[in-house]
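2 protein chains.
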Amino acid sequence: MKKTLTLFLGLLTGVASAQTADSVMIRNIYNEALGNGKSYEWLRQLTKQIGPRLSGSAGAQKAVDWSKQVMEQQGFDRVFLQEVMVPYWVRGKKEEAYIHIGSQKRTVPIAALGGSVATSPKGVEAGIIEVKNFPELRALGAEKVKGKIVFFNRPMDPTKINTFEAYGGAVDQRANGATEAAKLGAVGAIVRSMTNVHDDNPHTGGLRYGTGVALIPSAAISTNGADLLSQSLKENPNLTFYFKQNCETLADAKSYNVVGEIKGSEKPDEIIVVGGHLDSWDLAEGAHDDGAGCVQSIEVLRIMKTLGLKPKRTIRAVMFMNEENGLRGGVKYADLAKANNEKHIAAVESDNGGFTPRGFGIVGTPQQREKVMPWKPLLAPYGLAEIGPGSGGADIGPLAQLGTVLFGFKPDSQRYFDYHHTPVDNFETISQRELEMGAASMAALVYLLDQHGL
Amino acid sequence: MKKTLTLFLGLLTGVASAQTADSVMIRNIYNEALGNGKSYEWLRQLTKQIGPRLSGSAGAQKAVDWSKQVMEQQGFDRVFLQEVMVPYWVRGKKEEAYIHIGSQKRTVPIAALGGSVATSPKGVEAGIIEVKNFPELRALGAEKVKGKIVFFNRPMDPTKINTFEAYGGAVDQRANGATEAAKLGAVGAIVRSMTNVHDDNPHTGGLRYGTGVALIPSAAISTNGADLLSQSLKENPNLTFYFKQNCETLADAKSYNVVGEIKGSEKPDEIIVVGGHLDSWDLAEGAHDDGAGCVQSIEVLRIMKTLGLKPKRTIRAVMFMNEENGLRGGVKYADLAKANNEKHIAAVESDNGGFTPRGFGIVGTPQQREKVMPWKPLLAPYGLAEIGPGSGGADIGPLAQLGTVLFGFKPDSQRYFDYHHTPVDNFETISQRELEMGAASMAALVYLLDQHGL
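If you read the protein sequences in the order shown, they are chains A and X.
Take the first sequence: its letter number 111 is residue 111 in the UniProt record's numbering, and every next letter is one higher.
Take the second sequence: its letter number 388 is residue 388 in the UniProt record's numbering, and every next letter is one higher.
Structure below.
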């Protein structure tokens, strides 16, 4: 009995001292990120010296070179590229659009959706029909839609606390609106921008054309523009809408994922990935989406190295290419991992902006999630209260087929769709402390994953 | 036994259905704040139409008139003023300062501290000594300090997760630096701005002169300016520093707290206060500090009224006057409450900026705090995870002597000191959703306090 008790107390003490050691190390991680962090300066370089970096563009290639160089300068054990062919869509000359009522033309801000076809060089002008969703569109039928432009104007639901939920509830209009409209003979699709803010910034983003359906041009209109158009339609149902866009899909281009690695000291064959995506839309610097995730991921490895933390497992920072309009980099990474028989125990992605940390979403079995629960008290003092089932991240998604547990870094979501895919997703919208807190949060999780496995 | 069991189950069901009713009502509160909120538009009026409103100024009086009118238009049961005499300090002509090395003069941005005396009309120029804290200053002694300007240059600690802790650890330099320097014969005091950001904005704020000590002029210098000065001193210890400021304390002025009230239906004599302070520093529009708290407080009452929530207790929105440089409004409010034998069961203040909500700090007995704990699961879905002992708020502080339980609304602190007391605390730095989430959080707490008491 005494022996059992001693053993029990010994175990308890062991658990307690492991917790204490973890707690001290996590404190050190935050001190390093907040006191000597490099992520903000790196983000300045990526956004201000390189800027937009849509897949296939010169900016994307510069970003590949830059991130490779930064990780090499940090002296990580290995830095390497993974070649991947990516879609190459270009916007061309800036779009034009106006509401045409009698002799009056009121200009509204639009941006072609990524992957859209161009209008004819003269643009397209037609009557325009406002709908809120696909059932409403289908109820109108081909008779009323044929030859018209369809205007999808269902706003994101402002009462959703997590704005990604509201986005999820509205983005079908952007992704599939052109196809649904084309099925009924429409000649164009205009989509209300995905944001709760009322302003003049159109929000681009990818669309998907269905097979066997005409490819019609589609663009996002700013929320102020959408409100004006909706109001104008109430007053003048027979007004026409004009838009012209000059975008084009070129032949696939060669590009790369960029990977930096610190080799594990005890279990080098077990890999933990932390990453973001290096490509961005073409309208802005891609600061929140997803420059932030990239520099935070490099910072995780820098912090571990600087603190002399020799990980048991192999830790990789991965800058994925082509999340925005293809996900080719994420798919390629998982394909290579499978082909090379690599064991990825966990992957952490930051692709929800450089905002103040809230927690992590987990994609894994209940047993795997259970393993993470004892870490909650270690992370709570840093504002990481929301740890539980959730989504991982688009780029790491394909790793799920290999049994990898996925973690999505969850920053606060309130401001994300103020900037997402607009001309204002620039460095100036980044708070240094929020960015650094995010990097530290990811480093703390990677540290715990490395120490305790899954 | 059966009877007891039935009673027990009945109680359980009662508790569960009360929780459900609360949960539904809190959801309605958030829907109203996020779907039809008025706080953002009110803040636009307060900041853009009125702007700076330091105690005693014309702006402060306009803000009194404006908030009275807004609450009257909302049809609250009663809107009234509480007269209070306030200090009236004016900055006068913009300050000038430069680092003087040989024939070179390098201009640096400064702002006189609130309550400071002016320099002589020609300004003051003297040698300058950098210290990090008061013990270091005292160790230098009068011999080295006499006739000099003292430069207090201890930064806020960037590794503190809550930036208010870092502020608390540095602000003695601003509050008491001039007095401590004057005790040793200094002729001026220059204080590093209270922020983690490196930029060109000086952060003003109140100072306190000690009795029986010479009043010497004191100003805040921007962090970039402080870094330049410190570096220049390393290279040229004998450089001189020049500054000129033109501020003045005038005779006390008449001003007001503004109070809006919804009368309680069951216990009208029990009062719950929700408030912020109406005055702001003179350098900017006072958007985060504390226009946000004011419009959020009015919004709490508007939401209750709009949802047809007839509170059991009396709910008051209080716009306190003179938090920044006197706290006269807060003291007056508590004095009147005492004189009128009013029973204030709880007071909630929002004075930490219009950022995304994190929780509430509570000042009360352990028993009172215990009463709040069952509400945590009701508030957690809205990001309000941090509910526990903490600070209330300066304006409601004097109510503690009446046994009132104090609640300080806790928004995320990472960006607060980017703007605090600077020329950039303007409407443009406010996120509409974050502001509205704050108002809803406060309304949810006030609702629970009203329903369940303390």
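Just so it is clear, CB atoms sit at the ideal spot from N, CA and C, and this is done for glycine as well.
Since the model is a prediction, treat every value here as computed from it, not as a measurement.
Within chain X, partners of residue i - CB distance below 7 Å
| i | result |
| --- | --- |
| Asn-426/A | What Asn-426/A touches in chain X: nothing, since even the nearest Cβ is about 15 Å away. |
| Asn-196/A | Arg-433 |
Rounded straight-line distance, which links the Cα of residue j to that of residue i
| i | j | result |
| --- | --- | --- |
| Thr-107/A | Met-25/X | 43 Å |
| Lys-62/A | Gly-326/A | 19 Å |
| Phe-152/A | Val-191/A | 5 Å |
| Asn-341/X | Leu-301/X | 23 Å |
| Arg-415/A | His-344/X | 36 Å |
| Gly-392/X | Leu-309/X | 25 Å |
| Leu-229/X | Ala-219/X | 14 Å |
| Lys-376/A | Glu-370/A | 11 Å |
| His-198/A | Thr-223/A | 5 Å |
| Ile-387/X | Met-373/A | 20 Å |
| Ile-362/A | Ala-439/A | 18 Å |
| Thr-356/A | Asp-395/A | 22 Å |
| Asp-227/X | Ile-221/X | 10 Å |
| Glu-180/A | Leu-239/A | 22 Å |
| Val-90/X | Ala-346/X | 35 Å |
| Tyr-98/A | Ile-110/A | 9 Å |
| Lys-267/A | Leu-46/A | 33 Å |
| Tyr-209/X | Gly-51/X | 28 Å |
| Lys-312/X | Ala-385/X | 27 Å |
| Leu-307/X | Ala-443/X | 11 Å |
| Gly-141/A | Ala-178/A | 15 Å |
| Ile-128/X | Thr-422/X | 24 Å |
| Val-86/X | Ala-33/X | 34 Å |
| Tyr-167/A | Glu-323/A | 17 Å |
| Pro-155/X | Ala-175/X | 15 Å |
| Thr-195/X | Gln-401/X | 32 Å |
| Ile-303/X | Glu-72/X | 15 Å |
Closer than 8 Å at the beta carbon, the chain X residues around residue i
| i | result |
| --- | --- |
| Tyr-30/A | Thr-159, Ile-161 |
| residue 509/A | Nothing can be reported for residue 509/A, as the shown portion of chain A is limited to 1 through 454. |
Interface partners of residue i on chain X, CB under 9 Å
| i | result |
| --- | --- |
| Thr-404/A | Result: empty, since nearest Cβ-Cβ is about 28 Å, beyond 9 Å. |
Chain A contact residues for residue i, given Cβ-Cβ distances below 8 Å
| i | result |
| --- | --- |
| Arg-358/X | Gly-383 |
Contacts of residue i in chain A (Cβ-Cβ under 9 Å)
| i | result |
| --- | --- |
| Gly-185/X | The premise fails here: Gly-185/X is roughly 36 Å from chain A at the closest Cβ pair, so nothing lies under 9 Å. |
Proximal chain A residues relative to residue i, where beta-carbon distance stays under 7 Å
| i | result |
| --- | --- |
| Leu-34/X | Pro-158, Thr-159 |
Interface flag, residue i vs chain B, CB-CB below 8 Å
| i | result |
| --- | --- |
| Tyr-447/X | Among the chains of the structure shown, chain B does not appear; the protein chains present are A and X. |
Quiz prompt | Under 9 Å (Cβ pairs) to chain X, residues found in the stretch 379–396 of chain A | solution = Cβ contacts with chain X: Ala-380, Pro-381, Tyr-382, Gly-383, Ala-385, Glu-386.
Quiz item: How do the stretch 255–268 of chain A and the stretch 77–86 of chain A stand: do at least 3 beta-carbon pairs fall below 8 Å, yes or no?
Solution: yes
Quiz item: What are the uninterrupted segments assigned as alpha helix (DSSP H) that are 4 or more residues long and contained completely in the stretch 105–173 of chain A, given in chain order?
Solution: Taken in chain order, the complete alpha helix (DSSP H) segments of 4 or more residues contained in the stretch 105–173 of chain A are 134–145, 163–168.
Exercise. Give the residues from the stretch 427–440 of chain X that approach chain A closer than 9 Å (Cβ to any Cβ), ordered along the chain.
Key: Ser-431, Gln-432, Arg-433, Glu-434, Glu-436, Met-437
Practice problem: Give, in chain order, every residue of the stretch 146–169 of chain X whose Cβ lies closer than 7 Å to some Cβ of chain A. | Solution: Pro-158, Thr-159, Ile-161
Quiz item: Mind listing which residues of the stretch 409–424 of chain X have their C-beta closer than 8 Å to chain A's C-betas, in chain order?
Solution: Those residues of the stretch 409–424 of chain X that come within reach of chain A (Cβ to Cβ, closer than 8 Å) are Asp-412, Gln-414, Arg-415, Asp-418.
Practice problem: Please list the segments of the beta strand (DSSP E) lying wholly inside the stretch 192–278 of chain A, counting only runs of 3 or more residues, in order along the chain. | Solution: Runs of the beta strand (DSSP E) inside the stretch 192–278 of chain A: 218–221, 240–244, 248–262, 267–277.
Quiz item: Do the stretch 267–278 of chain X and the stretch 91–103 of chain X meet, that is, are 3 or more Cβ pairs less than 8 Å apart?
Solution: no
Practice problem: Could you name each continuous beta strand (DSSP E) segment of 3 residues or more that falls completely within the stretch 324–388 of chain A, going from the start of the chain to the end? | Solution: The qualifying runs are 343–349, 357–363.
Practice problem: Please determine if the stretch 278–293 of chain X and the stretch 237–252 of chain X are in contact, where contact requires at least 3 C-beta pairs separated by less than 8 Å. | Solution: no
Quiz item: Any chance the stretch 52–62 of chain A sits against the stretch 202–212 of chain A, with 3 or more Cβ pairs inside 8 Å?
Solution: no
Quiz item: Is it a yes or a no for the stretch 428–448 of chain A touching the stretch 328–342 of chain A, going by three-plus beta-carbon pairs under 8 Å?
Solution: no
Quiz item: So does the stretch 408–423 of chain A actually touch the stretch 345–355 of chain A, counting three or more Cβ pairs closer than 8 Å?
Solution: yes
Quiz item: Touching or not, the stretch 290–299 of chain X and the stretch 308–324 of chain X, by the rule of three or more beta carbon pairs under 8 Å?
Solution: yes
Self-check item: Every unbroken alpha helix (DSSP H) inside the stretch 30–65 of chain X [4 residues or more]
Solution: 39–44
Self-check item: Segments of 3+ residues assigned as beta strand (DSSP E) that fall wholly inside the stretch 405–453 of chain X
Solution: With a minimum length of 3 residues, the continuous beta strand (DSSP E) runs that stay inside the stretch 405–453 of chain X are 405–411.
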